[in-house]
Structures are given as C-alpha cells and as structure tokens.
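J.: I am attaching a structure below and will ask some questions about it afterwards.
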Amino acid sequence: MSVLKRWPGWLLMAVVLAAFLTIGATRAGGARSNAERVDAIAKTIKCPICRSESVYDSKAQASQNIRDEIARQVATGRTDGEIRSYINDRFQDQGLLLVPPKTGIDSLVWVLPVVVVVLAAGGLAVAFRRWRVAPAGGVSEDDRSLVEAYRRGHDDH
Amino acid sequence: MVDVVEPPAADPAPPPARRGRTVLFTALGVAVALAVLVVVFSQARSGSRDTAKTPLLDQPAPAVRETTIAGQPFDLSQRKGSWVVVNFFGTWCPPCVQEHPELLRFATAQAQQLDGAELVTVVNNDTVENVRDFFTDHGGNWPVLQDPNGEVYVSFGVSKVPETWIIDPNGYVRFRSIASVTADGLTAVLNRLKGEGP
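Line by line, the protein sequences give chains A and B. For the first sequence, position 33 matches number 209 in the numbering used here, and the numbering has no gaps at all. For the second sequence, position 48 matches number 163 in the numbering used here, and the numbering has no gaps at all.
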C-alpha cells in the first residue's frame with residue numbers, strides 16, 4: 177500500500193525530468209541576431225592552428241578567416257548545423273568541432289550517457305526493491321524443506 | 116604424522132593431431148592478418164599519391180573568383196582545360212619566400228610547354244603593396260589573387276602557408292602539399308598525374 181502511495185511522487189518527478197530534458201534538448205533559444213549566431217557557432221569550432229582555443233577566442237588569422245566565413249554563411253541564411261558541417265568538412269583532417277554533432281553516429285555521444293544513466297537508475301531501483309523484499313535472516317523455502325526432512329527422519333525412530 | 120598432499124594430476128597433453136590443427140589455424144590467422152595489413156598499406160600508399168590529406172582530393176575544386184593585385188578578375192572555372200597549380204602564400208612567411216625561386220623555375224619551365232600548367236598565387240593577411248613589391252623584386256608574372264576575407268583559404272581548408280594544390284583540366288583537385296615545394300618535385304608530381312590522366 178505504501179508503495180502505491182509513493183508512486184504519484186515518483187511519476188511526477190519523472191514527468192518533470194522528461195519535460196526539462198525535452199525543453200533543454202530542443203529549445204531554439206528564442207530569436208537571435210546574426211552576430212549572436214556567429215559568436216555561438218564560433219565558440220563550437222576549434223582554432224586550426226592553436227591549442228585548446230575556439231575560433232571565437234583565437235586571434236590567429238586562420239580563426240579570423242573562419243569567423244568571416246561563418247558570418248558570410250549566416251548572412252546567406254544557412255543553418256547553424258550546415259555551417260558547422262561545412263567548416264568541419266573543409267578542415268576534416270584537423271577535426272575542428274569542439275562539440276560533437278547531434279546527428280548520425282556522432283549522436284551516440286549524446287544519447288549513450290542518458291541511456292546509461294537511465295539503465296543504472298533502473299538497476300539501482302530493482303536492487304533496492306530486492307533488498308527490501310528479502311530482508312536478511314528470513315526463512316527460505318530451502319530452509320523449511322530441510323527442517324521438514326529432519327523432522328520426518330526423527331518421527332521414524 | 117605428516118600429511119602428504121598428492122600433487123594434482125597434470126592435464127594430459129592434447130593429442131598430436133589436435134595440436135597440429137591449433138598450430139595450423141594460428142599460422143593461418145597470422146598470415147591472413149599480415150596479408151590484410153599489406154593490402155591496406157599498399158593501397159593507402161598508391162591512393163594517396165604522396166599528397167597531404169584533404170576531403171577535396173579527387174573532388175571538384177572550390178570556386179575561386181577573386182581579383183588579382185593587378186586589378187584583373189580571375190575565375191578558376193574559366194581555366195578548365197589546363198592544369199592549374201594554386202599556391203597559398205604570404206610575404207611575411209619565410210618558407211614562402213624561400214620557396215619562391217622554385218616556383219619561378221617551375222613557372223618558366225611550364226610556360227615553355229604546350230600543355231604547361233598555369234600557376235596562380237592566393238594571398239590572405241597581407242597588403243597589396245607588400246605583395247606587389249615582393250613580386251616586382253623577386254619576379255613572377257602569374258596571377259596573384261587577394262583573398263582578404265579568407266574565403267578561398269577556408270574553402271580549401273588552408274590554415275597555414277605555404278600550401279600548393281594541383282587542379283586537373285576538369286577542375287578536380289589532384290594534389291595537396293602542406294610544405295614548401297621544389298620545381299623538380301612539383302614537375303614530377305604533375306607529370307605523374309598527367310600520366311594517370313585527368
């Protein structure tokens with residue numbers, strides 16, 4: 177009965193979590209200016225000739241060229257994904273994406289951690305439930321049959 | 116009284132026929148793995164033609180429509196029918212300056228051939244005055260393009276200079292060098308590519 181009483185709380189928590197995850201994964205972030213889009217994309221692309229710096233932060237000419245290219249493509253109406261994909265394709269040998277894409281085989285990077293967390297939470301829930309249902313020191317069926325066999329042996333004498 | 120512990124009986128040796136099969140399968144496995152490695156490496160070598168990596172290899176070259184430092188329009192697509200060597204250059208770059216006499220030799224030799232390659236230089240992050248002065252002082256009368264916003268550089272995936280690319284008469288990328296080139300080396304690559312056909 178107490179388990180049933182707790183269910184609405186867990187259910188509510190699951191719904192709220194799912195809602196936040198969905199909003200977080202799909203939100204467009206509202207209307208953004210072209211300059212904001214350029215900056216946002218530039219922050220996700222690595223400077224091709226620096227160490228651990230995005231083209232947004234880097235002062236190198238190669239980074240400036242990529243920022244200019246992003247601005248040109250934003251102005252022509254290409255999507256963020258298309259622009260990132262173009263830059264990544266042209267500098268493919270250097271792997272410039274700081275954030276993995278959310279499509280194709282790369283999407284596993286995003287999906288797998290969520291799957292692992294869900295499976296782990298499910299596993300823990302099952303384990304906790306088992307511990308509660310079968311408390312230590314209880315009498316099992318094997319114990320009962322052992323005692324029964326012993327009694328029968330004594331009754332025969 | 117001392118307990119004598121009997122040593123566990125050793126596993127009986129596998130029969131000779133079974134041992135022979137194991138050796139045979141192991142040898143076969145190693146041979147197959149070696150053969151696969153040899154094939155993979157030999158193909159990678161022949162396929163790469165000693166070129167630097169680029170996703171554009173054997174793909175149509177990106178569009179190059181810029182103005183030369185002499186103020187003339189230049190369009191790479193108008194050069195179809197000729198082999199074109201595209202050199203990415205900067206006057207402030209010592210390896211580029213060092214490479215320049217080799218490019219001069221290459222351009223002079225190619226100009227004397229009927230199907231000689233055309234040379235074109237693309238400059239980013241340099242002033243027109245510097246580039247013009249450099250070519251006046253060091254020679255070279257091929258088209259020199261200004262790419263002030265790096266559009267051509269990004270479209271080829273160039274982040275450092277010097278780089279040299281070869282475009283075939285159909286407008287396909289056939290070679291990329293990310294180091295300084297020599298006239299002899301460039302000629303050898305070009306002749307090899309011509310032998311393979313466009």
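Glycine residues also receive a C-beta, built at the ideal position from the N, C-alpha and C atoms.
#1: Need the endpoints of the beta strand (DSSP E) that phenylalanine 203(B) sits in, please.
#2: Just how far apart, CA to CA, sit glycine 280(A) and alanine 185(B)?
#3: Name the chain E residues that come within less than 7 Å of proline 224(A), Cβ to Cβ?
#4: Using the beta-carbon of each residue, which ones in chain A are nearer than 7 Å to threonine 169(B)?
#5: Run the CB neighbour count on threonine 141(B), radius 10 Å, all protein chains shown included, and call it buried at 16 or more, exposed below.
#6: Would aspartate 256(A) pass as an interface residue toward chain B - the criterion being a Cβ-Cβ separation below 8 Å?
#7: Opposite proline 170(B) in the DSSP bridges: which residues?
#8: Kindly indicate which residue of Leu305(B), Ala298(B), Gly310(B), Lys275(B) has the alpha-carbon position closest to the one of cysteine 226(A).
#9: Considering glutamine 261(B), what are the terminal residues of the beta strand (DSSP E) in which it resides?
#10: Short of 6 Å in beta carbon distance, which residues of its chain neighbour valine 275(A), apart from the five on each side in sequence? Order them along the chain.
#11: Determine which residues of the segment 253-271 of chain B have a Cβ less than 8 Å from any Cβ of chain A, and write them out in chain order.
#12: Just checking: is the beta-carbon of aspartate 215(A) within a distance shorter than 8 Å of some beta-carbon in chain B?
#13: Within 8 Å (strictly less), CB to CB, does aspartate 265(A) reach chain B?
#14: Would you mind working out which of Phe267(A), Ala251(A), Arg243(A) sits nearest proline 170(B), comparing C-alpha positions?
#15: Could you pull out every residue in the same chain whose Cβ sits closer than 6 Å to the Cβ of glycine 265(B), ignoring the five residues on either side in sequence?
#16: Label tyrosine 326(A) either buried or exposed according to how many other C-beta atoms from any shown protein chain fall within 10 Å of its C-beta, with 16 as the threshold for buried.
#17: Please check if any C-beta of chain A sits within less than 8 Å of the C-beta of asparagine 240(B).
#18: What does a CB cutoff of less than 6 Å around threonine 166(B) pick up in its chain, not counting 5 residues either side in sequence?
#19: Does the segment 195-208 of chain B touch the segment 276-287 of chain B, meaning 3 or more C-beta pairs lie closer than 8 Å?
#20: Find the nearest neighbour of threonine 182(B) within the set Gln228(B), Val200(B), Gln261(B), judged by alpha-carbon distance.
#21: By DSSP, does threonine 279(B) sit in helix, in strand, or in coil?
#22: Alpha carbons only, please: which of Gly272(B), Thr236(B), Phe189(B) is nearest the one belonging to cysteine 211(B)?
#23: Establish whether the CB of alanine 238(A) and some CB of chain B are separated by less than 8 Å.
#24: Exposed or buried, which one is valine 192(A) when buried takes at least 16 other CB atoms within 10 Å?
T.: According to the structure data:
#1: In the DSSP assignment, phenylalanine 203(B) falls within the unbroken beta strand (DSSP E) covering 199-204.
#2: Distance between glycine 280(A) and alanine 185(B), taken at the CA atoms: about 47 Å.
#3: The question asks about chain E, but that chain is absent: this structure's protein chains are A and B.
#4: Those are Asp269, listed as they occur along chain A.
#5: Residue environment for threonine 141(B): exposed (fewer than 16 other C-beta atoms within 10 angstroms of its C-beta).
#6: At a cut-off of 8 Å, the C-beta of aspartate 256(A) has no neighbouring C-beta in chain B.
#7: Proline 170(B) is bridged by DSSP to nothing; it lacks a bridge partner.
#8: That would be Lys275(B), whose Cα lies nearest to the Cα of cysteine 226(A).
#9: From DSSP, the beta strand (DSSP E) with glutamine 261(B) extends over 259-261.
#10: Result list for valine 275(A): Thr220, in chain order.
#11: Residues passing the 8 Å Cβ filter: Asn264, Gly265, Glu266, Tyr268, Val269, Ser270, Phe271.
#12: Closer than 8 Å: no.
#13: At a cut-off of 8 Å, the C-beta of aspartate 265(A) has a neighbouring C-beta in chain B.
#14: Minimum Cα-Cα distance from proline 170(B) among the listed residues Phe267(A), Ala251(A), Arg243(A) corresponds to Phe267(A).
#15: For glycine 265(B), same chain residues with a beta-carbon under 6 Å away, outside a window of 5 residues either side, are Asn239 in chain order.
#16: Per the 10 Å Cβ criterion, exposed.
#17: With respect to chain A, the C-beta atom of asparagine 240(B) has a partner C-beta closer than 8 Å.
#18: Here threonine 166(B) has Phe290, Arg291 as same chain residues with Cβ atoms under 6 Å from its own Cβ, once five neighbours each way along the sequence are excluded.
#19: With a cut-off of 8 Å, the segment 195-208 of chain B and the segment 276-287 of chain B count as touching, because enough Cβ pairs lie within range.
#20: Among Gln228(B), Val200(B), Gln261(B), the Cα nearest to that of threonine 182(B) is on Gln261(B).
#21: DSSP places threonine 279(B) in strand when its eight states are reduced to three.
#22: Taking each of Gly272(B), Thr236(B), Phe189(B) in turn and checking the Cα distance to cysteine 211(B), the smallest one comes out for Thr236(B).
#23: For alanine 238(A), the nearest CB of chain B lies under 8 Å from its own CB, placing it at the interface with that chain.
#24: By the 10 Å Cβ count, valine 192(A) comes out exposed.
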